[in-house]
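Report on one structure; see the data block that follows.
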Amino acid sequence: MVEQQAAERDADQVPEFADHRGIWVYVQQRGGVAAPVSWQLLGVARQMAQEIGVPVASIVLGHDVAHLAKQAVEYGADQVYVIDDPVLESYRTQAYAHGIAGLIQRHKPEIVLYGSTVQGRDVAGAVATLVRTGLAADATELSIEQEGHLLHASRPDFGGKLMSTILCKRHRPQMATCRQGVFPVPPRDPKRKGEVIPEALGLREDEVLTQVVEFVPETRHVDLSNAEIIISGGRGLGGPKAFDMLFDLAESLDAVVGASRAAVMAGWIPYQHQVGQTGQTVRPKIYVACGISGAIQHLVGMQDSDVIIAINTDPEAPMLKLADYAIVGDMFQIIPALTQELRAMRQNGHSENAAGPALENDPVSA
Amino acid sequence: MHAVVSIKQVPDTAEVRIDPRTNTMIRTGVPSIVNPDDRHAIEEAVRLKEKFGGRVTVVTMGPPQAREALREAISYGADDAILCSDRRFAGADTLATSYALWKAVLKIAEIEPIDLVLCGRQALDGDTGQVPPGLATRLGWPQLTSVLKLDEVDFAGRSIQVHRAVEGGVEIVKSKLPCVITCTREINVLRYATFPNMVRAARYQPSLWDKTDLGIDDESQIGLRGSPTIVSKVWAPLRRQRGTTQVIDGSDPQEAARSLARILMGEPAEEAPVVAERGTDG
């Protein structure tokens, strides 16, 4: 008991970290193309850095990635640390974590942010262990305290029932993986100037224990985070076959198909389509929920959509209460009719850009 | 073949309670289950045992009640189960948890060398996915996260090839053994516990290892003290206030479809059906 109190007292003291300075953002890339979350996080990093008066740096690892350093500057980095090495051609935990940990030990940032993507989570967990510091997972809100430059990384817990704020008081850097699609991409300024700092990896190919054999791109396009319209299906669909109906509707709208956890767990549609707490957070212009009752885990992943349309037979479904437009009826009749209607409207010269002009601009896709 | 599966017992329900003093979750009294992703890790290990022979050891860190999760793992076909439990482990974040599990894996390896450690991709409660990378990094073993499929397993040649679910596709990676693998739910289809395994599980007593058994002298690495992160605040999220819901009668599917089509094309639902001037700039 006494020890626990002592531990809590220790935890309340923020030591001096004068030698740690600046906010870093990890630029996630594959084949020289950056993941959008890398730029989204530069925006929020820039805001926090301005509040406390420190520089923002990006870290770029890869092979032939000089163009990404330039992009990072244009999106708001003051400095870019670049490790360009053939060993980093493909993402591999060991090599990337080694590179990032080395940069952190040499240059001592006070904060490092990563996307909470598969790659971001993979590398951040390893880096946190190498440098022995705290790592908050999947933050959806970030803020900074003037006093001690303490990062408040807040995240949904237990399927979004609770939000919790994670602090890392006694270790630097403070690290967090952050959800993609939550923070807006800052404006890009091609004239912006920044400093590019080349760094060495210090690891040979024969020291790396893994080897990427092949990357097989997903054939069916599932880019939920950048979709303007999402057509999502849930348990109410009753089986995998009914998703064809949603793909048809999605095609007539240039939309992307999403799914609830129940539908994914039932094996009706791959995980890549899952929206919600354990899937992706989305904020499209229009979200159409078909046969999704609206478990809280799902709602937290889509409730910031500009317009929500819900079709369900159960008038008491929480999704219908959240929706802007609630249709109580049989989706197995309504959806095919809707697809036909939309195809007819398109043929008659209606807008190709459905919903575009009538709705507000979405900062994420802007 | 010796596979170690690191599992976590998680609260089953939406019944989340928080200790207002420590801002940590109260797990006592809440019904618990084996974390769903971890069940797939156990299943995969048992399948490897069926194919190659060998043993499956399951390990967890948690309070005494986590024994139940280990018994469940035995019922799915694991051979041995170890509970790492000590009052001083309490309050551990992912860094402190991976430290204790690392010590446990080292001790298990002393008993019998390990070919691979399997974990679930993420836990239902914390949802961090950080413990397996922590464990792999401490062991100095490769980590293969978010694995969809074990493609080629070659225990004699000390290598494994897996399919990983990554952004935009599937990555096929070859790794040296031993390594740490985190399993997605796509990796296999769960099977029911067999009757003999259920009987065995009911009588099974997991080994109990405390911090002394794990050879942990340095308490600054474990529990609350070994945890760089703290939860400072827990609150119920505010829902964004949305406007009122407009209910559309779906009893006539054609009419409902027409109303919806107008909304989707950016035209207010109430307006007349033919409003061609809006949105024709596209």
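Top line first, the protein sequences correspond to chains R and G.
To get our numbering, take the position in the first sequence, counting from 1, and add 1031.
To get our numbering, take the position in the second sequence, counting from 1, and add 5.
For each residue, glycine too, the CB sits at the ideal point set by N, CA and C.
Just so it is clear, the structure is predicted and the values come from calculations on it, not from any experiment.
First through last residue of the beta strand (DSSP E) which encompasses residue i
i        : result
E176(G)  : G174 to K181
A1368(R) : A1368(R) -> not in any beta strand (DSSP E); alpha helix (DSSP H) instead, spanning M1362 to Q1378.
P16(G)   : Q14 to P16
K238(G)  : T234 to W240
C1205(R) : Position check: residue 1205(R) holds Gln in this sequence, whereas Cys was assumed. Run containing Q1205(R): Q1205 to C1209, per the beta strand (DSSP E) assignment.
S1174(R) : E1172 to I1175
First and last residue of the uninterrupted alpha helix (DSSP H) at residue i
i        : result
A1049(R) : That residue, A1049(R), is in no alpha helix (DSSP H); it is neither H nor E in DSSP.
D42(G)   : P41 to F57
M203(G)  : F200 to R208
L373(G)  : Residue numbering for chain G in the displayed model covers 6 to 287; residue 373(G) lies beyond these limits and cannot be assessed.
L1161(R) : V1149 to V1162
P258(G)  : P258 to L269
M1079(R) : P1067 to I1083
V1104(R) : A1097 to E1105
7 Å Cβ shell around residue i - same chain, five flanking residues per side excluded
i        : result
Q1059(R) : A1065, A1066, V1068, S1069, G1146, T1148, Q1150 and G1151
R1374(R) : S1283
I227(G)  : R93, F94, A97, A101, Y104, A105, K216 and I221
D1279(R) : T1370
V1239(R) : V1118, R1123, Q1125 and A1126
G1133(R) : G1233
L153(G)  : H168, R169, A170, V175, T189, E191 and I192
T99(G)   : T133, Q135, V136 and G139
Whole-angstrom distance between residue j and residue i, CA atom to CA atom
i        : j        : result
F202(G)  : R208(G)  : The amino acid at residue 202(G) is misidentified as Phe; the sequence shows Asn. Rounded to the nearest angstrom, the two C-alpha atoms are 10 Å apart.
D159(G)  : T1124(R) : 22 Å
D289(G)  : T1312(R) : Any answer about residue 289(G) is impossible in this case: the structure gives chain G only from 6 up to 287.
L140(G)  : R1163(R) : 13 Å
D1220(R) : F1246(R) : 33 Å
V1075(R) : E48(G)   : 41 Å
K56(G)   : L121(G)  : 15 Å
L88(G)   : Y197(G)  : 23 Å
A1397(R) : G1212(R) : Here the model assigns A1397(R) a pLDDT of 33, short of 50, so the residue's position is not dependable, and the following value carries that caveat. Cα to Cα, A1397(R) sits roughly 12 Å from G1212(R).
S1121(R) : I1358(R) : 47 Å
L123(G)  : Q135(G)  : 14 Å
T285(G)  : I268(G)  : Its pLDDT being 30, under 50, T285(G) is placed unreliably by the model, and nothing is read from it.
M66(G)   : D1109(R) : 43 Å
L195(G)  : R1201(R) : 42 Å
L1073(R) : A1080(R) : 10 Å
L1234(R) : G1130(R) : 8 Å
G173(G)  : E1249(R) : 6 Å
Q1071(R) : Y1318(R) : 22 Å
V1143(R) : M6(G)    : 39 Å
V1395(R) : E1236(R) : In this predicted model, V1395(R) has a pLDDT of only 38, less than 50, meaning its place in the structure is not dependable enough to derive any value.
Q1242(R) : P138(G)  : 17 Å
S1256(R) : E176(G)  : 21 Å
A262(G)  : T1344(R) : 15 Å
G1063(R) : L182(G)  : 30 Å
A78(G)   : R44(G)   : 8 Å
Close beta carbons around residue i, own chain, < 6 Å, minus the five adjacent residues each side
i        : result
Q166(G)  : D156, E157 and K179
V15(G)   : N40, A128, L129 and D130
Y1127(R) : L1092 and V1154
C1321(R) : G1264, I1342 and M1362
Y1356(R) : I1340
8 Å contact criterion, which residue i and residue j should meet: CB distance rounded
i        : j        : result
G1053(R) : R1077(R) : That belief does not hold up - the Cβ atoms of G1053(R) and R1077(R) are roughly 12 Å apart, past 8 Å.
A206(G)  : S80(G)   : 4 Å
H1098(R) : D1116(R) : Going by Cβ atoms, the distance from H1098(R) to D1116(R) rounds to 16 Å, so no, they are not a contact pair.
V1104(R) : R1223(R) : 6 Å
A1207(R) : A1184(R) : 4 Å
A1273(R) : G1265(R) : With 8 Å as the limit, A1273(R) and G1265(R) do not qualify as a contact, their Cβ atoms being about 10 Å apart.
V61(G)   : A50(G)   : 4 Å
V1113(R) : V1227(R) : 6 Å
V1306(R) : A1286(R) : Actually they do not touch by this definition, with Cβ atoms about 13 Å apart.
I1300(R) : A1293(R) : The pair is not a contact, with the Cβ atoms about 11 Å apart (cut-off 8 Å).
L1193(R) : V239(G)  : 5 Å
C1209(R) : A1170(R) : 5 Å
Cut-off 8 Å between Cβ atoms - residues of its own chain near residue i, not counting five sequence neighbours on either side
i        : result
I113(G)  : V9, T62, V64, I87 and I119
K1352(R) : G1325
Neighbour list for residue i in chain C, Cβ cutoff strictly below 9 Å
i        : result
Y1112(R) : The chain labelled as chain C is not found among the protein chains of the depicted structure, namely R and G.
| Relative to chain G, which residues along the region 1194-1208 of chain R have a C-beta separation below 8 Å, given in chain order? | M1194, S1195, T1196, I1197, L1198, C1199, K1200, R1201 and H1202
| task | Identify each residue in the region 1156-1182 of chain R for which the Cβ-Cβ distance to at least one residue of chain G is less than 8 Å, and report them in chain order. | result | G1156, A1157, A1159, T1160, L1161, R1163, T1164, G1165, L1166, A1167, A1168 and D1169
| Residues within the region 1249-1277 of chain R neighbouring chain G, beta-carbon criterion of under 7 Å | When CB distances to chain G are screened at a threshold of 7 Å, the residues of the region 1249-1277 of chain R falling below it are E1249, in chain order.
| Between the region 1354-1369 of chain R and chain G, which residues of the former have CB atoms less than 7 Å from a CB of the latter, in chain order? | Here the close residues are A1354, D1355, Y1356, A1357, I1358, V1359, G1360, D1361, Q1364, I1365, A1368 and L1369.
| request: Please list the residues of the region 57-79 of chain G that have a C-beta atom closer than 7 Å to any C-beta atom in chain R, keeping them in chain order. | output: none
| said: Residues of the region 1061-1072 of chain R in Cβ contact with chain G at a cutoff of 9 Å, in chain order, please. | reply: R1061 and A1066
| message | Short of 9 Å Cβ to Cβ, which residues in the region 1298-1315 of chain R face chain G? | response | G1298, P1301, Y1302, Q1303, Q1308 and T1309
| the region 225-254 of chain G: positions lying closer than 8 Å to chain R by Cβ | G228, L229, R230, S232, P233, T234, I235, V236, S237, K238, V239, W240, A241, P242, R244, R245, R247, G248, T250, Q251, V252, I253 and D254
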